[in-house]
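Our numbering applies: residue 11 is where the sequence shown begins, and numbers increase by one.
Structure first, commentary second.
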Amino acid sequence: MAMVTDTATVGRLLAAAVVLVWPASAASQVQSQEAARQGTTLSPALAVAERYSSNAFPEEADPRRTAWITDLSGRLVLVHRSASAEVSADMRWQRLFYSSLSTRNSTRRSLNASARMELLDDLLDVRARGAVTQQGRSAFSASLPDASQATNDGDRVQSRTWTVRPDFHSRLGSQVVTRAWIDAIDSRTEEANARVQRSITSVASLGSDQSSGNPIGWSISGQQQRFDADDSDREIRRAQATVQWNPGGAFGGSLFAGRETSDLRNGQSNSTSIVGGGVRWIPSERVALAATAGKRFFGTEYAAALAYRRALTALRLTAARDVAYLESRSETGAASPFLSMLADLLRASIPDQGPRQDAAQRRLQDAGIPVALGAPVDALNARPFLNQRLDLSFLYTSPRDNLTLSAGYRKQTELEANPSALPSPFDPIRQQSAGLAWSHRLDRSMTLNYSFSYLQTEGIRDGNRETTQRQHSLSTSKRLGPRLTLSFLARHLDIKSSVIRTYVENSVGCNLDVRF
Numbered sequence: 011m012a013m014v015t016d017t018a019t020v021g022r023l024l025a026a027a028v029v030l031v032w033p034a035s036a037a038s039q040v041q042s043q044e045a046a047r048q049g050t051t052l053s054p055a056l057a058v059a060e061r062y063s064s065n066a067f068p069e070e071a072d073p074r075r076t077a078w079i080t081d082l083s084g085r086l087v088l089v090h091r092s093a094s095a096e097v098s099a100d101m102r103w104q105r106l107f108y109s110s111l112s113t114r115n116s117t118r119r120s121l122n123a124s125a126r127m128e129l130l131d132d133l134l135d136v137r138a139r140g141a142v143t144q145q146g147r148s149a150f151s152a153s154l155p156d157a158s159q160a161t162n163d164g165d166r167v168q169s170r171t172w173t174v175r176p177d178f179h180s181r182l183g184s185q186v187v188t189r190a191w192i193d194a195i196d197s198r199t200e201e202a203n204a205r206v207q208r209s210i211t212s213v214a215s216l217g218s219d220q221s222s223g224n225p226i227g228w229s230i231s232g233q234q235q236r237f238d239a240d241d242s243d244r245e246i247r248r249a250q251a252t253v254q255w256n257p258g259g260a261f262g263g264s265l266f267a268g269r270e271t272s273d274l275r276n277g278q279s280n281s282t283s284i285v286g287g288g289v290r291w292i293p294s295e296r297v298a299l300a301a302t303a304g305k306r307f308f309g310t311e312y313a314a315a316l317a318y319r320r321a322l323t324a325l326r327l328t329a330a331r332d333v334a335y336l337e338s339r340s341e342t343g344a345a346s347p348f349l350s351m352l353a354d355l356l357r358a359s360i361p362d363q364g365p366r367q368d369a370a371q372r373r374l375q376d377a378g379i380p381v382a383l384g385a386p387v388d389a390l391n392a393r394p395f396l397n398q399r400l401d402l403s404f405l406y407t408s409p410r411d412n413l414t415l416s417a418g419y420r421k422q423t424e425l426e427a428n429p430s431a432l433p434s435p436f437d438p439i440r441q442q443s444a445g446l447a448w449s450h451r452l453d454r455s456m457t458l459n460y461s462f463s464y465l466q467t468e469g470i471r472d473g474n475r476e477t478t479q480r481q482h483s484l485s486t487s488k489r490l491g492p493r494l495t496l497s498f499l500a501r502h503l504d505i506k507s508s509v510i511r512t513y514v515e516n517s518v519g520c521n522l523d524v525r526f
């Protein structure tokens with residue numbers, strides 16, 4: 011995931027919140043639902059899968075080897091909730107057995123844990139998150155070294171990411187709120203080309219209480235972001251004043267101004283003024299629009315989002331331009347863009363955010379739509395990039411059908427004047443993507459699913475660097491009981507690239523999933 015250097019903190023949060031948040035339920039209803047969620051739950055699961063692959067080993071261009079592959083995996087999820095804390099741990103284990111070459115058998119282990127605690131009432135909260143993934147090196151990973159260079163247990167790669175966030179907040183009188191928080195992140199990958207990245211973000215602010223209902227709000231804030239990666243240290247410092255107006259109708263906005271000092275460009279410190287503003291417009295419960303834009307040291311930064319929803323459909327358009335750091339990605343990858351869209355549709359029937367998010371995840375999983383999108387676990391980079399993104403998503407849902415469509419464009423360019431210093435996997439690129447997922451519930455216990463994904467990446471500086479990936483999959487799943495699911499899958503994967511080996515695979519398989 012990318013860490014975004016946030017200029018207009020209030021404006022950007024406004025742009026995100028307007029699209030995702032519609033009117034909430036009464037406080038008493040939320041409290042009763044929260045009380046029902048408290049306690050400890052332990053959820054184990056076991057899955058056994060068997061599949062036949064026409065090209066089992068993507069790192070070998072020729073000859074192609076067919077194989078039957080047995081996939082044995084287990085999962086244990088522990089969640090504890092109380093009035094002042096929530097702790098969760100998601101432990102996964104996966105073992106692959108190859109019929110034709112047992113020396114290629116591999117194991118993947120991962121642990122994702124998070125904690126949220128209110129240590130002092132109305133004063134101090136602490137959030138922490140950690141992820142550890144250990145798996146075999148992939149032929150499609152971003153930093154694949156030669157096998158002869160591997161130094162960490164043969165073909166094994168391990169990535170770790172830790173995040174700690176203490177959050178201090180208090181009141182000065184009845185209308186003024188103070189806040190200070192720190193994000194400390196440590197990301198590293200252990201392999202032949204090991205990379206380490208650390209970042210610390212510190213923010214302090216003083217401003218009016220937004221929950222008081224006043225039409226005019228204000229804040230003064232200071233922020234420092236420091237990025238350390240191997241021998242490269244970079245820093246951003248910013249002071250900013252913001253004024254907001256929320257007259258209570260469909261329209262609202264904000265203005266901000268301040269000063270920013272940064273050495274992200276070529277390592278040389280420079281100080282520039284920042285100025286900008288944001289607007290939000292919610293004319294009805296079906297439509298929401300939010301946008302923010304500002305002047306930065308690299309030019310114009312902006313973020314905009316438009317959302318439209320009806321009883322069975324949701325449409326979302328987002329655009330952004332900002333500076334980002336690529337950091338370690340856990341094995342779960344990025345969240346599906348349709349998760350929050352489906353949560354929007356469930357807002358009326360499930361007002362509380364926690365149960366609504368859980369219900370949206372269950373519905374996507376039952377429909378065969380992936381909740382998480384895969385990402386390389388060893389994609390680490392220490393240099394900042396200028397990112398431009400445009401994404402369009404559509405969701406249709408009914409008692410028997412779910413249809414999701416997506417299209418996206420991304421442009422990544424470096425801020426450094428010396429492009430030769432960049433690792434080749436992170437050269438300036440353009441990406442176009444598209445996706446489709448359709449599921450049809452044949453009866454109460456059986457679902458038919460089809461999905462298609464397309465991704466094209468081309469180098470901006472080197473036009474000969476190009477990769478195109480297409481994947482078709484058809485699957486069906488049947489619930490044999492409340493905790494037992496049987497599924498079948500057929501897949502065609504085609505990757506053509508000037509960077510990695512061309513890879514074509516046809517596979518079929520079946521999977522038995524038991525939840526305890």
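For glycine and all other residues, C-beta sits at the position ideal for the given N, C-alpha and C.
For Y312 versus T323, is the C-beta spacing smaller than 9 angstroms? no
Starting from the Cα of R234, find the closest Cα among D193, G263, Q220 and H502 and give me that residue. Residue identity differs from the one stated: residue 234 is Gln in this sequence, not Arg. The candidate whose alpha carbon is nearest that of Q234 is D193.
Which residues in the same chain have their Cβ closer than 7 angstroms to the Cβ of L413, if we skip the five residues on either side of it in sequence? Y406 and W448
I need the boundaries of the beta strand (DSSP E) containing Q104, first residue and last residue. A95 to Y108
Sort G223, P225, I226 and R189 by Cα distance to V213 and report the nearest one. R189
Spatial distance of A27 from I210 (CA atoms): At A27 the pLDDT is 35, less than 50, meaning the model places this residue with poor confidence and gives no usable figure here.
For the beta strand (DSSP E) holding L56, just list the boundary residues, first then last. G49 to S63
By DSSP, does A123 sit in helix, in strand, or in coil? strand
Sorry if obvious, but does the Cβ on P54 come closer than 8 angstroms to a heavy atom of the ligand GTP? Although the ligand GTP was asked about, the structure shown includes no ligands whatsoever.
Own chain, CB closer than 7 angstroms to L106, minus 5 neighbours either side, in chain order: I79, D81, N115 and S116
Based on DSSP bridge pairs, tell me the residues matched to R170. V142 and R198
For Y108, I'd like the list of residues in its chain whose CB is within less than 7 angstroms of its CB, leaving aside the five on either flank, ordered along the chain. A66, A77, I79, R114 and N115
Quick one, which of T467, A95, G287 and E424 has its alpha-carbon nearest Q48's? A95
By Cβ distance below 6 angstroms, which residues in the same chain neighbour S527 in space, the five residues on each side in sequence not counted? Nothing about residue 527 can be read from this structure; the chain reaches only from 11 to 526.
According to the neighbour-count rule (16 or more other Cβ atoms, all chains shown, within 10 Å of its Cβ), is E295 buried or exposed? exposed
Neighbour-count burial assignment, I284, 16 or more Cβ in a 10 Å radius: buried
Pull up the CB-CB distance for L402 and L327, whole angstroms please, since I reckon it's below 8 angstroms. 5 angstroms
Contact check, T486 vs L458, beta carbons under 9 angstroms: yes
For R410 and R475, which I take to be in contact (beta-carbon distance under 8 angstroms), what is that distance rounded to the nearest angstrom? Not really, about 44 angstroms apart at Cβ, beyond 8 angstroms.
Rounded to whole angstroms, what's the CA-CA distance from L86 to N280? Just pull it up for me. 50 angstroms
Since S517 contacts R501 with CB under 8 angstroms, what's their CB separation in whole angstroms? 5 angstroms
Taking the alpha-carbon of N224 as reference, which of F237, S184 and R471 has the nearest alpha-carbon? S184
Going by Cα to Cα distance, which pick from Y464, I226, S83 and A59 is closest to A417? Y464
Have a look at the DSSP bridge pairing and note the partners of I292. Answer is none; I292 lacks a bridge partner.
Using a 10 Å radius around the Cβ and a threshold of 16 neighbouring Cβ atoms, would you call A5 buried or exposed? No answer is possible for residue 5: the residues shown for the chain start at 11 and end at 526.
So A99 and A123 are in contact, right, with Cβ under 8 angstroms, and what is the actual spacing, rounded? 4 angstroms
Enumerated in chain order, which unbroken segments of the alpha helix (DSSP H) with a length of 4 residues or greater are wholly contained in the segment 458-496? none
Answer with buried or exposed for F526, where buried requires no fewer than 16 other C-beta atoms within 10 angstroms of its C-beta. exposed
Buried or exposed: I292, going by 16 or more other Cβ atoms within 10 Å of its Cβ? buried
Name the DSSP beta bridge partners of Q207, please? S197
If you measure between the beta carbons of V297 and G262, is that distance less than 9 angstroms? no
If we call anything under 9 angstroms between Cβ atoms a contact, is T143 one with R91? no
Burial state of T495, where buried means 16 or more other Cβ atoms lie within 10 Å: buried
What residue from E245, Q220, S231 and D238 has the CA that sits closest to W255's CA? Q220
Whole angstroms is fine: what's the gap from L522's alpha carbon to R319's? 36 angstroms
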